[in-house]
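Just so we're aligned: 324 in this note's numbering is position 324 of the sequence shown, and the numbers increase by one with no gaps anywhere. The beta-carbon is built from N, C-alpha and C at its ideal position, and this holds for glycine as well. Since the model is a prediction, treat every value here as computed from it, not as a measurement. In what follows, a single structure is set out as C-alpha cells and then discussed.
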Amino acid sequence: MLSCTPSPIPRSSRTRGSLPQTKPTQYLRRVHSAASPLTPTDARPPVATSYQPALTGLRAVAAWLIFGFHFNPFAPAGATHWLHAFVREWYTGVTVFFVLSGLLLGLRYQSGFSAPGTIGRYLRSRAVRILPLYWLVTLLTFGVAAFSSHQLDWLALLLNLTLLRGFFEEYLLSGVSQGWSLTTEAGFYLLVPLLAVKRFSAWWLVPLLWAVGVLLAWLSAGHAWHGFMQSYGLMWHATPFGRILDFVVGWQVARWYRQRLASHVSVAPRRRFPWLTCGGVVGFGVLLVALAALSNPVGHEHPLGAALHNLILPFAVAALLAGLLTEHSWLRTLLASRPLQVLGLSSYAFFLLHMGVAQRAVSSLLNHSLLPVQFVLLQLLAVGVYYLIERPLDRVLGPKPTIDNL
C-alpha cells in the first residue's frame, strides 16, 4: 500500500523538487511540461514552471483508471459486487485529465501572449499535440469498419476528424469511442488565450458556460439535428459547457502556484506531512465509494452522484495536484520514477489504443487470454507508438522554438 508520509529527499534534488538529470528526463525537461490531460505534453516550459515529473506519472495512472472502467475485471454479482461497482466509477480518470489540463496550461500560459504570433503558435502547438495520432487511429478505425461493412458514414468521419462529435449524442461514441473527451479538451484549449488576458476571473466562466450549455440543450430538446446538444446529460458530462469547472479549478491551482513563486514562497517539496497530497487521495477515494453506492448504472447518472462528480471531485483532484507540486511524499517519488515517466508520456497513445481496433487485435492474437496480459501488451504498444510515431510527428510538425519559449 502506498504511503502518504514524507520520504527522504535526495541531496541532489532538495532545492529543485525534481528528479536528478537522467537521460530520459533531460529530454523531458527540455521539450515537455507534462501537459494536457488526454494529450501529449506541451513543449519548453518557462523556467519558473519547469517540468514536473510527478504530474507526468499521474497521467499514466489516470489512463489506467479509464482502462479499468472499460474492462472491469470483477463480476457484477456475488462476492465481487462491490469491487465491480467501485471500478465502474473509474471513468473519473477523465476528471483527473481535465483538471490536470487546466493546471499545466495555466502554468505555461498565464503569463500571457504578448509577443507577436504567440497565439497562432499556441494553437498550432495544441493541434499538433492532439491531432496527428488521433487522426491516424481514427482513419484506421473507420477504414477497418468500412472494409468489413462495405459502407462509410461520411458525416461521422467528418465529426470525428474535426473533434465536433462530442456535441452530437448520435455520434458521441462513434469512431474511436473514448475520443469523445477530446471535444471538451479542444474547447478548453480555445479558452486559454481569453483567460490569459486576465481582465476577469476565470471563475466567471463557470456559470457563464453552464448557462450557455443549458440554453443550447433547452433549444435543441425534441428537434436536435443528429442529437446536437439534445440533452442536459450530454451537456453536463460530455461537453466543455458542463465540464468547465474541471478546467477552471486546475487553472486556479496554477495561479496559486505561480503566485507562490512570485512572492518568493518556497515551492520546493519539504520534509513535512503531505496534507494536500493525502487529502486529495483520501477525498478522491471517498468520492469513488460514494459514487459506487449511488451507481445506476454509474454514479454520475444519479442526481446526487452528478453533483459529486461535477462539483466536488475536481477539488479533490486539485488538492492532490497541489500536493504533488509542493509536498514530498512516497507517492510523488513513485510518480516521478523513470518507468512512470515513460508510461506517462505514452499515456495519450495508450488512451487512444486501449479500446477499439488495436485492443481487438491484441485480444484476438492472444485468443482472448487474461486481461492483465492484454493490458501489458497494449501498454508496450503505446510506448512503441509514442517513440516511433507520436514524438517524431511532434518534432516535425510542431512550431520551431523561439527565444521566448526556449
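Taking all protein chains shown into account, decide if residue i is buried (16 or more other Cβ within 10 angstroms of its Cβ) or exposed.
i: W154; result: exposed
i: G57; result: buried
i: R395; result: exposed
i: V137; result: buried
i: P303; result: exposed
i: V253; result: buried
i: Q379; result: buried
i: A48; result: Reliability of the predicted coordinates at A48 is poor, the pLDDT of 44 falling under 50, and the value obtained from them is presented with this limitation in mind. Label assigned to A48: exposed.
i: G398; result: buried
i: S181; result: buried
i: F147; result: exposed
i: V128; result: buried
i: F188; result: buried
i: R121; result: buried
i: Q259; result: exposed
i: S149; result: exposed
i: H309; result: buried
i: Q26; result: With a pLDDT of 43 at Q26, under the threshold of 50, the modelled position of that residue is not reliable, and no figure is offered here.
i: S68; result: Per the sequence shown, residue 68 should be read as Gly rather than Ser. By the neighbour-count rule (16 or more Cβ atoms within 10 Å), G68 is buried.
i: S33; result: Any answer about S33 is weak, because its pLDDT of 37 lies below 50 and its placement is not dependable; what the coordinates show is given next. Buried.
i: P151; result: Per the sequence presented here, residue 151 reads as Gln, with Pro not at that position. Q151 should be labelled exposed.
i: N160; result: buried
i: V376; result: exposed
i: G344; result: buried
i: A262; result: exposed
i: L215; result: exposed
i: V362; result: buried
i: H81; result: exposed
i: F142; result: buried
i: A318; result: buried
i: F97; result: buried
i: L294; result: buried
Can you tell which of the options has its C-alpha closest to the C-alpha of residue i?
i: I130; options: F228, L352, F315, S201; result: L352
i: P240; options: A115, R165, W225; result: R165
i: H328; options: Y109, L158, F273, Q359; result: F273
i: G242; options: N367, A211, R395; result: A211
i: L107; options: A217, L321, H150, F74; result: L321
i: E409; options: A306, Q374, P399; result: Since the first and last residues shown for the chain are 1 and 406, residue 409 lies out of range.
i: G280; options: V99, A63, H70, A77; result: V99
i: I119; options: Y232, V383, A196; result: A196
i: R126; options: G285, L191, V94; result: L191
i: V61; options: R260, A224, G398, R332; result: R332
i: G285; options: P132, A63, G93; result: G93
i: Y257; options: T95, L105, F67; result: L105
i: I244; options: T95, H70, G78, N72; result: T95
i: T162; options: L152, G143, V144, P132; result: P132
i: H237; options: K198, V248, L139, F167; result: F167
i: W218; options: Y232, V206, P207; result: Y232
i: Y51; options: L325, V373, Q374; result: L325
i: L172; options: R199, R124, M229; result: M229
i: M235; options: L209, S201, W135, W225; result: L209
i: P207; options: Q374, D246, W225, R338; result: D246
i: Y91; options: V373, L287, V383; result: L287
i: S101; options: S201, T184, L334; result: T184
i: N296; options: R338, N367, P76; result: P76
i: A63; options: L158, H223, R124, L340; result: L340
Contact defined as beta carbons within less than 8 Å: I believe residue i pairs with residue j. What is the distance between those atoms, to the nearest angstrom?
i: A54; j: A336; result: 5 Å
i: G227; j: E170; result: 4 Å
i: R255; j: Q359; result: In fact, because the Cβ distance is near 39 Å, the residues do not count as touching under 8 Å.
i: G323; j: T277; result: 3 Å
i: V289; j: F86; result: 7 Å
i: G250; j: L65; result: Not a contact, Cβ separation roughly 17 Å.
i: V248; j: L205; result: 6 Å
i: L83; j: F74; result: 4 Å
i: G299; j: L291; result: 3 Å
i: V342; j: V383; result: 6 Å
Looking at the strands, I want to know which residues DSSP matches up with residue i.
i: F168; result: F228
Residue i: beta carbon under 8 Å from a heavy atom of the ligand SAH?
i: R121; result: With respect to small molecules bound, the structure shown includes none, and the ligand SAH cannot be examined in it.
Check: So does the segment 352 to 371 actually touch the segment 171 to 181, counting three or more Cβ pairs closer than 8 Å?
Finding: Contact holds: three or more Cβ-Cβ distances are below 8 Å.
Check: Counting Cβ pairs closer than 8 Å, one from the segment 110 to 122 and one from the segment 308 to 324, do we hit at least three?
Finding: Per the Cβ contact rule, the segment 110 to 122 is not in contact with the segment 308 to 324 (fewer than 3 Cβ pairs under 8 Å).
Notebook entry, point to check: Between the segment 333 to 349 and the segment 382 to 395, do three or more beta carbon pairs fall short of 8 Å?
Noted result: Counting Cβ pairs under 8 Å, three or more are found: they touch.
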